[in-house]
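Counting in this note's numbering, the sequence shown tops out at residue 906, every number present.
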Amino acid sequence: MPFAAVLVYLVYLSLVDNVQCLFPIRPFKERTQTAMLPNERISLDDCHLRYYKYGESSQVAPAFGRPAYLKEFAHMAAVGWTQSDGSVNWKCGGSLIWDNVVLTAAHCTLDNGAAPDVVRLGDINIFSDKDDQFAQQLKIVQVVRHPDYRFSSSYNDVALLKLEKNVTLHETVTPACLWIDNEVPFKALDATGWGDTGFAQERTPSLLKVTLKPTTHVECSEIYGNTNRLLRDGLKQTQICAGDKFMDTCPGDSGGPLQIKLLHNGKVSPFLVGVTSFGSACGTSTPGVYTRVSSYYQWILKTIQSLESSVRDWSLEPVGCALRYVPLREYEDDVIVSRSEDFISLDSTKAHMHFGEKNLQHTVTVGWQDRRVWRENCSGTLIADDTVLTVAECASHSGVTPSHVVINSNGNTSNIGMIYVHPGYIRNSLYNNIAVLKLKDRVQFSDRVTPACIWHSPEIPDPQVEVAGIGRTDINEFHFYGEPEGFKPMKRTLLPRLSVNTPQNCSIPEKFYSQLSRGLAPEHLCVGDRLFLVPDSCQLLYGAPIQRQIWRNGRYFAYAYGLNAFGRDCGFGEAAVATRLVSHVDWLKSVLLPNIHDGQSSVQFVNPEWKENDRCSFDHGNELPGICTHYTKCSKIWNDFKAKRRVSFCSSVQVVCCPRQFVESNIKQQRGNELDTCRTDYRRFHPKLFNLYTATGLSHTVTITWKDSKSVRCLASLITKRTAVTSASCALSQPNKPTTAVLANNESIAIEQTVVHPDYNSNDNSNNIALVKLTNEVKPTAAVYPACVWTNITHTPLDLLSIEAGNVENIKRKVAPMYNSDCQRDYTRRIAADHLCVEDLQLYANNTCYITGDQLIWTSVDESAVGDSAVTFYVVGFYSFGEKCREAYPAVFTRISSYVNWIRENI
């Protein structure tokens, strides 16, 4: 095997399972460092926050190269008659359809009483020897006309020519396949030949191609009728017409192909739809008449089998033919990155068809327990661990509702509890075709099962989308190198790449017109591609998503634009249409978030890019001009929050969008003002971001110890020069009070007083917070200085870091906050408003157990710092309790922002 071939094969082995269709796009400007999760769910547009743990990283596109040959006309044959002087008169065309069989027109089998005796392949210019490098010329040893053909008419105008031997298969000489379906859905077909270039014009020395449009029998019959002596019985269904406003086939093209290129395996194969039979004056707009190949497929198959005993029934079927010759076919255009005279560079990620298991981990199959009910092809899309979206037509079949869903990626089954069908849906209609399935049991998300997000904008940020489908494995594998591995008829999920169409260029199959009495509506999302597929390649998964991978907060998530509603062949050739989710968001909210009312109980974290003193928009019924102001200078905000009116935050945890007229200029100094100035007080000590995870400790961490129990220790956080905060369960973990605080630089300071929250309850761990006061002030240095306190009582930073007391040094790991309502489902004891639940970002964490005093911090990045971004530490919470920690259940922390006022009063 040549080195280049070995290299291609190695690339294939290493990347074939990692290729994804479309790389994630970035329509959002959000950053992980500033992303915030509301304490409770207030929106459906929160998937990237709620399920942040299950976002993924990107992948690298493979590329490889292959020799380049002219493969487009590899099946094209010139049919000739040898003259007495040894020259050949090439009068007809034909198509190689087996290794030693050419398909042509029956009227091409006799000229002046003589049958053709020679065929030439692999030659574009038959009157020149300059391109004869790959030409093959073989004798004809047998001519088989259709038994019902008569030279006095054009009916049954088809014949087969057996060659003296098999051709030498090569990229430039390869059989074409046969289109065997009587329906011809193609909007355009190609005809090729060496015929005359026009009426009374000379023949072309080089092979020419013309694109023609199929014409209906009614239109074609009006032209030819039954007055034509070749069509005494009129135009028959065994014939097909095609033409162009300016071009058609001419004399000399007879017997040549009317064809279409069909997509498979990242390549395209020519499929013969017709054989050139006859026409009117050449070069006019009058359509030509072609023998319909599908009408004679059985005769062609049986005849070839009589000529070659090795031919099986499946050999000439579309899939069999496509796979037999796939190594020799030309790649689809989109895969070709660059092309030189004799070499092409390829990128397999540009292919239209990809397997979907990797990026369709949110799809399910909707099923019925009643064995008498069988509804094929009903799928759904997981948008939460207990919620599936599907099309309304899959919410019932024969009057019976589905009973369960099967998770496609792992085969697990989950029973359906409730079904909500859009109230505007009418059976057998394609309007309001959407339903919600609420599951009885939660689905366990993992690296193999992840949710999809709902796209909330009517605008699609990029015209390229992915469509969930299913199809044969063998016909969809991208062909990198070598021979195909044979038939693999088993089905796999597919994720083909298509483009968003406008309603004006949305060509849907006629079979769906009856269900669209009002035509396409704004709720419909139309997608498609001009390429057609080899039959059995792809079928839409109804209820599964049209989607795109989208970057948000440093990870990518699958966003569902819509649910597959109707179409065939996954939108190739003719469009596929989905129910657009944004059109039904209000109804989805009424089902999934019935207690949320926009503008009343919701609190916004508006714009992380707004800094203090920046202009902002204060939204309270009307858009009012505001200014980003420290919350202590805008008492209106606190009053609004207590009244459950909308509050708008800027980038900092303490900066709000305040209407200008409510900004207070004189602020009374409060006790604990050091809490409010910590960000600026210690800015000179703030570490650079790239040093954050390499440092062995953090400057604010304090280790609490006891005089009589030196082996007992827990963590606290320095929040002023003389005060540290920790959990009450830490401070009371021993009979005696703690005696010593060990700072981050290993300096020890005696503890003067421990203040435990007066309402702390050790039974349920409520109010689990305490303050530790030191005998002496800490002198701030780069090694030791206070952290800030997270004071936002409505939102929690997404990008959290847990600091855990280890035997030798503290342990740091990434965690993410959760909605308390989600967390409550894992706990029997009550999760209160002053609790904060977090989960480990590792999908399979071996140990998620914490000990009392372990803390959560947020690292706020100061982009205005000189050089690399500087980091300010905010203490967000302390570990309170947990259940089944070794089974990766979430951990419950004390939410420190709930106790800011108590902290102020006691420091």
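Here a beta-carbon is modelled for each residue, glycine too, at the ideal position from N, C-alpha and C.
As the structure is a computational prediction, the values presented were derived from the model and not from experiment.
For the stretch 544-586, the full-length beta strand (DSSP E) segments reaching 3 residues or more read 544-551, 554-565 and 575-579 along the chain. Nearest to Asp-156 by C-alpha distance, out of Phe-277, Tyr-53 and Val-399, is Phe-277. Contact check for Tyr-330 and Gly-265: beta-carbon distance about 6 Å, within the 8 Å limit, so the pair qualifies.
Leaving aside the five residues that flank Gly-319 on each side, the residues in its chain whose CB is nearer than 6 Å to its CB run, in chain order, Trp-313. When Cβ pairs closer than 8 Å are counted between the two stretches, the stretch 780-798 is seen to touch the stretch 35-44, the count reaching three or more. The beta carbon of Gln-752 sits closer than 7 Å to those of Lys-772, all from its chain and outside the five residues before and after it, given in chain order. Collapsing the DSSP output to three states places Tyr-873 in a strand. Rounded to whole angstroms, the gap between the alpha carbons of Arg-885 and Tyr-843 is 10 Å. No residue range can be given for Trp-609, since it is assigned to no alpha helix (DSSP H) and is classified by DSSP as neither H nor E.
Looking from the CA of Glu-458, the closest CA among His-523, Gly-470 and Ser-506 belongs to His-523. The C-alpha of Thr-492 is placed about 11 Å away from the C-alpha of Thr-364. Per DSSP, Tyr-324 lies in no alpha helix (DSSP H) segment and is marked neither H nor E. In the structure shown, Val-899 adopts helical secondary structure according to DSSP, grouped into three states. Taking a C-beta distance under 7 Å as the contact criterion, Thr-578 and Cys-729 do not qualify as a contact pair. Going by beta carbons, Asp-98 and Val-143 fall outside the 7 Å limit. By the C-beta density criterion, Pro-317 is buried, having at least 16 other C-beta atoms within 10 angstroms.
A distance of 7 Å or more separates the beta carbons of Thr-173 and Phe-133. Annotated three-state conformation of Phe-648 is strand, per DSSP.
Sixteen is the threshold: when 16 or more other Cβ atoms of the shown chains lie within 10 Å of the Cβ of Lys-349, as they do, the residue is buried.
By the beta-carbon neighbour count (other beta carbons within 10 angstroms, threshold 16), Glu-340 is exposed. Secondary structure within the stretch 741-790: the beta strand (DSSP E) runs of 3 or more consecutive residues, fully enclosed, are 747-755 and 769-773 (chain order).
For Asn-409, no alpha helix (DSSP H) segment is defined, and its DSSP state is neither H nor E. The alpha carbon of Gly-410 has as its nearest neighbour, out of Arg-614, Thr-676 and Gly-366, the alpha carbon of Gly-366.
In the structure shown, Arg-374 adopts coil according to DSSP, grouped into three states. Distance between Ile-343 and Asp-461, taken at the CA atoms: about 28 Å. Under the 10 Å beta carbon count, Val-274 is surrounded by 16 or more other beta carbons and is classified as buried. Rounded to the nearest whole angstrom, the CA to CA distance from Pro-401 to Glu-218 is 47 Å.
The bridge partners DSSP lists for Arg-119 are Ala-77 and Gln-136. Boundaries for Leu-530: no alpha helix (DSSP H) harbours it, and the DSSP string shows neither H nor E there. The shortest CA-to-CA distance from Thr-380 to any of Ala-451, Phe-354 and His-403 is the one to Ala-451.
For the 7 Å CB-CB criterion, Ala-76 and Val-118 form a contact. 7 Å or more divides the Cβ of Trp-901 from the Cβ of Val-875. One Cα belongs to Leu-229, the other to Tyr-154, and the distance between them is close to 8 Å.
In summary, Gly-242 is buried, with 16 or more beta-carbon neighbours lying within 10 Å of its beta-carbon over all protein chains present. The C-alpha of Phe-531 is placed about 8 Å away from the C-alpha of Phe-185.
Annotated as proximal: Leu-95 and Val-101, with beta-carbon spacing under 7 Å.
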